[in-house]
Amino acid sequence: MLHLTNYLGFGIPGNEKMLSIIFLYAEMMSILIGVVFAIAYIVVYTSKNFQGMKNKIPFYFSFNIEGFLDTVFAIIPTVIITIILLPALGFIFQLEYDETFLETLFNVYVIGHQWYWTYEIDTRMGSQVLIDFYDSDFRFPSIQFDSYMSQDVDVNRVLSVDKSLVLPTGYHISFYITSHDVIHSWSVPQLGVKVDAIPGRLVKFILYASIKGIYYGQCSELCGINHAFMPICVEVVESSSFVDWVILSSDCNVVQHVDDLFLMSLIA
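The numbering of the sequence shown is the UniProt record's numbering, which starts it at 1 and goes up by one.
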């Protein structure tokens with residue numbers, strides 16, 4: 001898997017969705033490269049063998065050969081398009097199914113600004129997944145913060161942020177994205193996400209991260225003079241670390257105790 005992703009120029013995928021995109025891309029490119037070489041061969045062969053200086057008398061195909069060629073040039077493109085279309089449609093239908101039927105852990109609201117992101121984590125949903133994730137005695141309010149590009153000069157100079165979005169690994173999470181001013185695009189390539197943030201419109205997508213790590217992205221829609229300085233940083237951690245982050249990010253006077261036995265079972 002690592003060899004394939006490095007060869008194709010992609011980063012290491014953080015979930016199965018991005019891995020599927022990479023394999024879909026590899027399949028499409030293999031087919032299209034074959035089509036390009038086939039067309040190039042036909043063009044070169046025709047140019048060399050059917051030219052006026054070489055053939056003084058025009059060459060005519062018989063009626064049967066013309067009918068055969070018409071059939072071949074109609075069937076082959078149809079088969080190629082079908083081979084390309086079926087995996088892509090299956091991928092799209094899977095995304096639609098996930099957004100409609102999957103029960104998610106909590107909601108994350110993303111708001112694009114010129115030129116920073118606002119995140120709001122709404123954990124007060126009461127879904128069965130959330131009840132299984134947290135103890136019934138564990139309560140905390142929604143978490144909201146702004147994420148700006150970090151001013152510290154380091155290796156990831158235009159990718160680092162002052163506050164990262166922290167998510168637990170192994171859970172489906174609903175994202176709702178919009179914009180406060182102009183059109184932005186919330187894009188994290190290694191997680192297979194690129195969603196436009198449009199003013200006045202709320203766009204939903206499901207994010208699932210199966211591999212721990214720090215994933216970087218950038219605004220992928222030209223949004224003004226500082227468009228290049230609007231990074232995204234998503235940190236995927238274990239469930240216990242996510243609970244600790246929630247406690248630190250919330251008002252300590254509101255947060256109640258977490259059942260130790262439940263937390264130990266969650267870590268296990």
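We treat Cβ as the ideally placed atom computed from N, Cα and C, and that holds for glycine. Given the structure is predicted, the values throughout are model-derived calculations rather than measurements.
Whole-angstrom distance between residue j and residue i, CA atom to CA atom
i	j	result
Met125	Tyr208	Any reading at Met125 needs caution, since the residue's pLDDT is 49, under 50, leaving its predicted position unreliable; the model's value is listed next. One C-alpha to the other measures close to 18 Å.
Val35	Gly170	40 Å
His180	Gly112	6 Å
Val236	Leu89	29 Å
Ser150	Pro199	26 Å
Pro58	Tyr41	22 Å
Val243	Asn107	15 Å
Val246	Ile143	8 Å
Residue i burial status per 10 Å Cβ neighbour count (16 or more: buried)
i	result
Ser136	Residue placement at Ser136 cannot be trusted, given a pLDDT of 42 that sits under 50; what the coordinates show is reported in the next sentence. It is exposed - the Cβ of Ser136 has fewer than 16 other Cβ atoms within 10 Å.
Ser62	exposed
Ala197	buried
Lys204	exposed
Phe140	Note that Phe140 scores a pLDDT of 49, beneath 50, so its modelled location is shaky; the value from the coordinates is reported in the next line. Burial call: buried.
Lys56	exposed
Tyr25	exposed
Pro77	exposed
Ile131	With a pLDDT of 46 at Ile131, under the threshold of 50, the predicted position of this residue should be treated as unreliable, though the coordinate-derived value follows. Exposed, since its Cβ has fewer than 16 Cβ neighbours within 10 Å.
Within 9 Å, strictly: CB atoms of residue i and residue j
i	j	result
Ser185	Val195	yes
Ser164	Cys219	no
Ile206	Leu102	yes
Gln114	Val161	no
Phe10	Pro189	yes
Ser249	Phe145	yes
Gly67	Gly213	no
Leu202	Ile173	no
Ala228	Val166	no
Coarse secondary structure for residue i, derived from DSSP in three states
i	result
Ile75	helix
Glu99	helix
His180	coil
Phe205	strand
Gln190	helix
Asp162	coil
Asn15	coil
Pro168	strand
Thr46	helix
Gly213	strand
Thr104	coil
For residue i: DSSP bridge partner residues
i	result
Ile22	In the DSSP output, where bridge partners are listed per residue, Ile22 has none listed.
Pro231	Gln218
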